[in-house]
Every structure is written in structure tokens, then in C-alpha cells.
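full-length UniProt numbering applies: residue 1 is where the sequence shown begins, and numbers increase by one.
As C-alpha cells, the structure follows; a few thoughts come after it.
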Amino acid sequence: MFQNIPYEGTRNEQFAQVLNQLKALIHDEPNAVANLANASSLLNHFLKDINWVGFYLYDGKELVLGPFQGLPACIRIPLNRGVCGTAAAELKTLVVEDVHAFPGHIACDAASNSEIVVPVIKDGQLYGVLDIDSPLVNRFDQEDREFLEQFVQILEGQL
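And the structure:
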């Protein structure tokens with residue numbers, strides 16, 4: 001059961017608390033949708049200054065909207081298009097300080113100004129991406145990147 005705890009300590013200590021919460025939430029749960037839904041809710045609860053967090057899942061052709069928290073979103077994203085499609089095609093995390101300066105940016109929410117996208121890999125293949133948007137320019141930094149890559153790595157074990 002999830003318990004709403006106050007996150008205390010340094011930023012890295014808080015990240016560790018969230019990673020432990022994720023492990024507890026997905027422990028012994030085989031359903032990927034349930035795990036992705038709880039993961040997006042956990043991040044939405046923890047991260048400040050974000051306006052959307054969720055997953056796009058790869059169907060073999062394109063990314064399709066999965067569990068998320070936030071306003072209704074774009075349903076399908078081609079590979080190599082926008083931040084999500086580019087991160088998925090390149091299989092690498094992208095941190096974008098200003099989405100309006102990103103070539104081919106897909107504007108699902110006009111309030112979004114920065115974005116981080118982390119690929120989700122299962123059995124060596126693209127499974128999807130974790131996408132987080134913020135209304136602030138330059139919201140995400142290297143510490144966020146490292147934390148979210150660890151978060152996704154834990155999640156990959158229960159998909």
C-alpha cells in the first residue's frame with residue numbers, strides 16, 4: 001500500500017526514497033499497465049513544477065499513449081518525430097531545456113516549455129518512453145536525468 005510520506009533530506013536522499021517506493025509498488029505485480037500507472041502517479045506526486053508525466057508504448061511502428069497523469073495528450077507519435085519519437089529512435093535519454101527550440105517538437109500542451117524523455121527497454125528492445133513535461137524552461141538537470149534513468153531501470157524489471 002502506498003503511504004504519502006514527506007520526502008526529507010538531500011535531493012539524492014529524496015530520489016532514493018522514491019526509488020524505494022517504486023520497488024514496493026511494483027513488487028510481485030506482473031501487470032505492466034498497473035505498474036506504469038502507479039509509476040506515473042508516483043512521479044506526478046513527487047516531482048515539482050511538472051504539468052505532464054506518463055508513458056508512450058511502442059507498438060512496433062510508432063509510440064502510442066499509455067498510462068499518464070495530466071491533461072489529455074497526443075495519442076500517437078511517429079519515431080524520429082518530436083522529443084519522444086527522437087529519444088525512442090535513438091534509444092537515449094533526451095533533456096530539452098526549451099521545447100520550442102527543438103526541431104519537430106510536437107506541442108500536445110501549449111504550457112510545456114521543457115521536457116525529459118527516457119527510453120524504456122525490455123529484453124533489449126524498445127518498449128516505450130517515459131515522458132515528463134514542465135511549464136518551466138530548463139526544469140530538468142543531470143540529477144533528474146540520473147534519477148529517472150534509475151527509475152526506468154527498476155520499472156523495466158516488472159514489465
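We treat Cβ as the ideally placed atom computed from N, Cα and C, and that holds for glycine.
Output the distance between the C-alpha atoms of residue i and residue j, rounded to the nearest integer angstrom.
i, j, result
"V33", "K48", "24 Å"
"D59", "L126", "9 Å"
"A110", "A88", "22 Å"
"Q146", "F140", "It should be pointed out that residue 146 corresponds to Glu in this sequence rather than to Gln. Taking the straight line from one Cα to the other gives about 11 Å."
Assign residue i to one of three DSSP states: helix, strand, or coil.
i, result
"G104", "coil"
Using only CA atoms, which one of the options lies nearest to residue i?
i, options, result
"F55", "A110, P67 and I5", "P67"
"I154", "I26, K61 and Q17", "I26"
"L63", "S114, G82 and Q17", "G82"
"N51", "L71, I5, C84 and G124", "L71"
"T86", "L43, Q14, N20 and P103", "P103"
"L159", "D28, K92 and V137", "D28"
"F15", "V129, E143 and E156", "E143"
Which ranges would you report for the alpha helix (DSSP H) in the UniProt domain "GAF" (10-159) if only whole runs of at least 4 residues count?
11-26, 32-46, 82-90 and 142-156
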